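Single-structure report; data block below.
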Amino acid sequence: MNKRNFIIGGIIAVLSISFLIAGCSGQQVVPFEPTSQLDYHGAYWVAKMDLPELPAKLTVINDMHVDAATNSVTVYAQSRLLGNIVAPTQVGPGECTEDNNGETVCFHPDAVYLNGSGEELMEEDGTGEWWVKHAWILGGEGYDNCELKPQESYDDCLYAEGVLLDDGLTMKVGGILDTDTGAWIGNHRTPIFNEGEVTYRVTRLSPTNLDPNAGEIDLTLKTDFVLDWTCEEEPSAFDNLVRECPYKEN
């Protein structure tokens, strides 16, 4: 499996059910009221990626949800280019279509249809969009992770699990890349605190070398890239609620 075939992404807070009224729009906002450090993972995170083959920056969204009481984590993810959804492909189970380059792209095996109703659907009704869902329990049940990328065949997926590191804040999420060596690949995910503002950082880690033709096998983890995310107070695709961005009081 290619080491690039691991996109995950994960996490959002269990928050109070009290609401604030947001301006004249009438949109309700769930206030940020953390009960643990895990709650700082919870938000509507947005990142911009520069990819040489694309004409503009790719926008990646992680609509992240965390239940700190049960250590359960859910992320709904999409990637967009110039306002158009790139992944997951907007077709239902068993369906395929052609992208702008004439390539065949098919239903993503981790996709669910979200229309703001608070339910995950497997049929589209014209009121929502398909999102990739990844969900796990820290220190418990994992999930099958397929790359957030339009493909014809998803035969390179990875079983991933998440654990909380000793700092009580950083999540290590990933799985076995190579069964012969036991090599691991995945992400470290952590909130970043800076003068009250909270941003989010995903650090991709992979083995130094798994190719015997390139030298000695080295399972030492190296950093492939670091992706920084910012919070936006946008309605969740899952339940249509706007959540207040995490913040840290001095």
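The sequence shown begins at 244 in our numbering and counts up by one. Where a beta carbon is used, it is the ideal one built from N, C-alpha and C, also for glycine. Here the structure is a predicted model, which is why all the values come from computation and not from measurement.
Measure the beta-carbon distance from residue i to residue j and round it to whole angstroms, keeping in mind my assumption that it falls under 8 Å.
i       : j       : result
Tyr-397 : Pro-455 : Going by Cβ atoms, the distance from Tyr-397 to Pro-455 rounds to 28 Å, so no, they are not a contact pair.
Asp-342 : Pro-393 : 6 Å
Thr-442 : Thr-473 : 6 Å
Trp-374 : Pro-331 : 7 Å
Val-273 : Glu-487 : 6 Å
Ala-403 : Trp-427 : So it is not a contact: roughly 10 Å between Cβ atoms.
Val-303 : His-377 : In fact, because the Cβ distance is near 13 Å, the residues do not count as touching under 8 Å.
Trp-288 : Asn-314 : At roughly 19 Å, the Cβ-Cβ gap does not stay under 8 Å, so Trp-288 and Asn-314 are not in contact.
What did DSSP end up calling residue i once you bin it into helix, strand or coil?
i       : result
Tyr-287 : strand
Val-434 : A small correction: the amino acid at residue 434 is Pro; Val does not occupy that position in the sequence shown. Here Pro-434 sits in strand by DSSP.
Asp-282 : helix
Thr-370 : coil
Thr-424 : coil
Pro-478 : strand
Take the Cβ of residue i as the centre, count every other Cβ of all protein chains shown within 10 Å, and call the residue buried at 16 or more, exposed below.
i       : result
Met-414 : buried
Ile-435 : exposed
Glu-390 : buried
Cys-267 : Interpretation of Cys-267 is limited by its pLDDT of 34, a score under 50 that renders its predicted location unreliable; the figure taken from the coordinates is listed afterwards. Classification of Cys-267: exposed, given that the 10 Å Cβ count is below 16.
Met-307 : buried
Asn-437 : exposed
Ala-312 : exposed
Gly-417 : buried
Pro-489 : buried
Glu-346 : exposed
Val-469 : exposed
Pro-450 : buried
Asn-471 : At residue 471 the sequence reads Asp, which differs from the Asn that was named. It counts as exposed.
Glu-366 : exposed
Thr-278 : exposed
Per DSSP, residue i forms a beta bridge with which residues?
i       : result
Tyr-386 : Ala-403
Ser-322 : Val-303 and Ala-330
Phe-468 : Arg-447
Ala-354 : Val-375
Asp-461 : Asn-452
Gly-429 : Gly-417 and Leu-448
Leu-364 : Tyr-356
Glu-440 : Asn-437 and Tyr-490
Ser-193 : In the structure displayed, the chain extends from 244 to 493; residue 193 sits before or after that span and is not available.
Quick one: give me the first and last residue of the beta strand (DSSP E) that residue i is part of.
i       : result
Asp-421 : 414-421
Cys-339 : 339-341
Cys-488 : Careful: Cys-488 lies outside any beta strand (DSSP E) and carries neither H nor E.
Gln-270 : 270-273
Thr-347 : 347-349
Between residue i and the ligand ADP, is there a pair consisting of the residue's CB and a ligand heavy atom that are separated by less than 7 Å?
i       : result
Ser-479 : As for the ligand ADP, it is missing from this structure, which has no ligand bound.
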